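Oh and the sequence shown: position 315 is 299 in my numbering, straight run, nothing missing.
Glycine included, each C-beta is placed from N, C-alpha and C at the ideal position.
Note that the structure is a prediction, hence the values are computed from the model and not measured.
What follows is a single structure, written as structure tokens, with notes after it.
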Amino acid sequence: MVSRVRVWLNRTYAENVFFMDQLRRNPSDRAVEIHATHGDADSPVLAAADTADLEPEGLSPAAYVEYALDQCRRRGIDVFVPRLHQAAIVAHRADFAAAGTALLAPTPEAVAVFEDKVVAYEAVQAIGVPVPPWYRVRTADQLVAAVEELEEAGHRACFKPASGAGGVGFRVITRTPFSLVHLSGFPTPYVQLDLVVDALQRAEEGVDWLVMPRLEQPEVSVDCLTGPDNHLRMAIGRTKNGRRRGFTLHEQWLEPARRIAEGFGLHYLSNIQFRMFGEQPVLMDVNTRPAGGLHQLSLCGVNAPWAAVQLALGEDPGQVVPPFLGQAYTVVSGPRPLRAVSLPHPRVGETSESLLPAVPAPADPVESVQPVESVESVASVNAAPSPASAAEALPL
């Protein structure tokens, strides 16, 4: 009899409720139990998991590793998918292996390279992957100089933190004076240069920003699955152009992603993002973790989370090739059940078992469970292109 697989996701994104759904609906028909931990008692991943704990607040990376090892031993975790404190965790891969847990995460060296976007850009340039022009700035004077150079070259300047995930801290520079126009409609990422300069000059702490030209769409996120042998098992591009989403297997996106994933040891699931700089695709960002939108590959007949878990368990899934490319789609919000009550955080050194009991998630929303609309699902739009034409065309 094939044993169940116990998977843990720590402090992960709300969208990973779909990651969990796919693990349970795996094509191997293998029993999967999911453990989740989070700092927010109202995270939908806690409600979606089979067992759940609230994470203690205020742990250092080293202390979090000890907490994680304890979770793996007590919960019998087979595969751990770390997001929070990933760098500290992967540095202790041997300790987790001794506890019987495989880490679904890249090498420490790969995590270190892609934690800092400047280091990452320099590294991928060295292997021939194009990147946009960039400037590292820490002061108001450096910011102004970088913006002026980009504007003289005909570009619109933007900035983002040199380290960080997602679009947190991303802003586009404008010289249009602040007025009531900026207070109508919805907030935008545009920010006035004079306001940014003033804020930098008044700040007690410095910043570490990457200033670069604003890149154009389409944006293509290539989801990769790479084995510990550094050989790529899967590379599928998800495309975004405004609201419209799609898929691509075009080599102008897949080839540089393959070079990065295999060249830097981005083992298991990673997400490599590109945009256009003029007529050339350039690297935008590299995520050393599964993307929040990974589940969208199910529209291509691919269950990437399960293939990754198989690989982590030493059961090579072989080459994961989509049997077809799904039709164009968009992303909408939908309700997911929450646990019935919000509970306090455990204190450091206190187990959370008594605070958040390990109970199965309800199969359907019940009256005492509150819905949440922060989790995205996909909805198709228009007719599906043929698989052949979809693979060849620049999507969207």
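- Tell me, to the nearest whole angstrom, how far the beta carbon of GLU203 is from that of GLN257; I am working on the premise that it is less than 8 Å. Working through the sequence shown from its first residue, we reach residue 203 at position 219. Working through the sequence shown from its first residue, we reach residue 257 at position 273. With a Cβ gap of about 7 Å, GLU203 and GLN257 count as contacting.
- Query: Skipping 5 residues on each side, what residues in its chain have a beta carbon closer than 6 Å to that of LEU179?
  - Reply: As a working note, residue 179 is residue 195 in the sequence shown. Counting only Cβ-Cβ distances below 6 Å, and skipping sequence neighbours, we find nothing.
- Item | Secondary structure, beta strand (DSSP E): runs of 3+ residues fully inside the segment 44 to 94 | 63 to 65
- Query: Under three-state DSSP, which class holds PHE143?
  - Reply: Along the sequence shown, one-based indexing puts residue 143 at 159. Looking at PHE143 - three-state DSSP - the assignment turns out to be strand.
- Item | Rounded separation between SER44 and ILE73 - CA only | Here residue 44 corresponds to residue number 60 of the sequence shown, with the count starting at 1. Here residue 73 corresponds to residue number 89 of the sequence shown, with the count starting at 1. Each residue's Cα considered, the two are about 12 Å apart.
- Item | Identity of the residues DSSP links to ILE18 by a beta bridge | Reading the sequence shown from its first residue, position 34 is the one you call residue 18. Per DSSP, VAL(-9).
- Item | Pairwise C-alpha distance: ALA94 and ALA82 | The residue you call residue 82 lines up with position 98 of the sequence shown. The residue you call residue 94 lines up with position 110 of the sequence shown. If I take the Cα positions, the gap works out to 22 Å.
- Task: Name the one or two DSSP bridge partners that GLY230 has.
- Result: Your numbering for residue 230 matches position 246 in the sequence shown. According to DSSP, which records beta bridges pairwise, GLY230 is partnered with THR223.
- Message: In this structure, how does DSSP classify SER282 when only helix, strand and coil are distinguished?
- Response: Here the question's residue 282 lines up with position 298 in the sequence shown. DSSP places SER282 in helix when its eight states are reduced to three.
- Task: Within the segment 106 to 189, note down every full beta strand (DSSP E) run reaching 3 residues or more, in order along the chain.
- Result: 119 to 121, 141 to 145, 155 to 158, 174 to 176
- Item | Distance, SER282 Cα to LEU250 Cα | As a working mapping, residue 250 is identified with position 266 in the sequence shown. As a working mapping, residue 282 is identified with position 298 in the sequence shown. In a straight line, the C-alpha of LEU250 is about 22 Å away from that of SER282.
- Among the residues of its own chain, which have a CB less than 6 Å from the CB of ALA15, if the five just before and after it don't count? Translated into the one-based positions of the sequence shown, residue 15 becomes position 31. Contacts found: ARG(-12).
- Task: Give a yes or no on whether 7 Å exceeds the smallest Cβ distance from GLY226 to chain D.
- Result: In the structure shown, chain D does not exist; there is a single protein chain.
- Query: If you draw a straight line from the C-alpha of GLU357 to the C-alpha of ASP26, how long is it?
  - Reply: Against the sequence shown, residue 357 aligns to sequence position 373. Against the sequence shown, residue 26 aligns to sequence position 42. Confidence at GLU357 is low in this model, with a pLDDT of 40, below 50, so its placement is unreliable and the value that follows should be read with caution. Their Cα atoms are separated by approximately 12 Å.
- Query: Opposite LEU295 in the DSSP bridges: which residues?
  - Reply: Here residue 295 refers to the residue found at position 311 when the sequence shown is read from its first residue. Per DSSP, none; premise fails for LEU295.
- Presumed contact (8 Å Cβ cut-off) between PRO289 and LEU7, rounded CB distance: As a first step, residue 289 is located in the sequence shown; it is residue number 305 there, counting from the start. As a first step, residue 7 is located in the sequence shown; it is residue number 23 there, counting from the start. About 5 Å separates the two Cβ atoms, so the contact holds.
- Query: With a Cβ-Cβ cutoff of 7 Å, do VAL65 and LEU134 count as a contact?
  - Reply: Here residue 65 refers to the residue found at position 81 when the sequence shown is read from its first residue. Here residue 134 refers to the residue found at position 150 when the sequence shown is read from its first residue. The answer is no: Cβ separation not under 7 Å.
- Should PRO105 be labelled buried (16 or more other beta-carbon atoms within 10 Å of its own) or exposed? As a position in the sequence shown, residue 105 is number 121, starting the count at 1. Reading off the sequence shown, one finds Tyr at residue 105, where the question assumed Pro. Answer is buried; the Cβ neighbour count reaches 16.
- Item | VAL305, buried or exposed, once every other Cβ within 10 Å from all chains shown has been counted against 16 | Here residue 305 refers to the residue found at position 321 when the sequence shown is read from its first residue. Exposed, because fewer than 16 other Cβ atoms sit within 10 Å of the Cβ of VAL305.
- Task: Measure the beta-carbon distance from VAL362 to TYR313 and round it to whole angstroms, keeping in mind my assumption that it falls under 8 Å.
- Result: As a working note, residue 362 is residue 378 in the sequence shown. As a working note, residue 313 is residue 329 in the sequence shown. With a Cβ gap of about 5 Å, VAL362 and TYR313 count as contacting.
- Item | From ALA219, GLY151, LEU167, MET218, residue whose alpha carbon lies closest to that of LEU194 | Position 210 of the sequence shown, counted from the first residue, corresponds to residue 194. With distances taken between Cα atoms, LEU194 lies closest to GLY151.
- Task: Classify ASP207 as helix, strand or coil using the three-state DSSP reduction.
- Result: Here residue 207 is taken as the residue at index 223 of the sequence shown, counted from 1. Strand at ASP207.
- Anticipated Cβ contact below 8 Å, PRO301 with ARG242, distance rounded: Taking the first residue of the sequence shown as position 1, residue 301 is located at position 317. Taking the first residue of the sequence shown as position 1, residue 242 is located at position 258. About 17 Å separates the two Cβ atoms, so there is no contact after all.
- For GLY310, does the count of other Cβ atoms within 10 angstroms reach 16, so buried, or fall short, so exposed? Within the sequence shown, residue 310 is the residue found at index 326, counting from 1. Label assigned to GLY310: buried.
- What residue range is occupied by the uninterrupted alpha helix (DSSP H) comprising ALA(-2)? Against the sequence shown, residue -2 aligns to sequence position 14. Segment: none, ALA(-2) is in no alpha helix (DSSP H) and carries neither H nor E.
- Alpha carbon to alpha carbon, how far is ALA20 from ALA342? Give it in angstroms, no decimals. As a first step, residue 342 must be located in the sequence shown, where it is residue number 358. As a first step, residue 20 must be located in the sequence shown, where it is residue number 36. At ALA342, the pLDDT of 45 sits below 50, so the modelled position is not reliable and the matter cannot be decided from this model.
- Item | Proximity of LEU87 and PHE80 at Cβ, strictly below 7 Å | Against the sequence shown, residue 87 aligns to sequence position 103. Against the sequence shown, residue 80 aligns to sequence position 96. Yes.
- Query: In whole angstroms, what separates the C-alpha of GLU235 from that of VAL108?
  - Reply: Your numbering for residue 235 matches position 251 in the sequence shown. Your numbering for residue 108 matches position 124 in the sequence shown. Approximately 17 Å between the Cα atoms of the pair.
- Message: Quick check on GLY22: buried or exposed, where buried means 16 or more other Cβ atoms within 10 Å of its Cβ?
- Response: Within the sequence shown, numbered from 1, the residue matching residue 22 stands at position 38. Contrary to the premise, residue 22 reads as His rather than Gly in this sequence. Label assigned to HIS22: buried.
- Item | Member of ASP213, ASP192, TRP118, HIS215 whose CA lies at the smallest distance from the CA of GLY153 | One-based indexing of the sequence shown puts residue 153 at position 169. Among ASP213, ASP192, TRP118, HIS215, the Cα nearest to that of GLY153 belongs to ASP192.
- Query: Bridge partners of THR35, per DSSP?
  - Reply: Mapped onto the sequence shown, residue 35 falls at position 51. HIS19, per the DSSP bridge assignment.
- Confirm, please, whether the CB-CB distance from PHE3 to VAL270 is below 7 Å. By 1-based counting over the sequence shown, the position of residue 270 is 286. By 1-based counting over the sequence shown, the position of residue 3 is 19. No, the pair does not count as a contact, with Cβ atoms beyond the cut-off.
- Query: GLN55: buried (16+ other C-beta within 10 angstroms of its C-beta) or exposed?
  - Reply: Your numbering for residue 55 matches position 71 in the sequence shown. Buried, by the Cβ-count rule.
- Task: Would you grab the beta carbon distance between GLU246 and THR272 for me? Rounded to a whole angstrom, and I think it's under 8 Å.
- Result: Stepping through the sequence shown from its first residue, residue 246 is reached at position 262. Stepping through the sequence shown from its first residue, residue 272 is reached at position 288. Actually they do not touch by this definition, with Cβ atoms about 14 Å apart.
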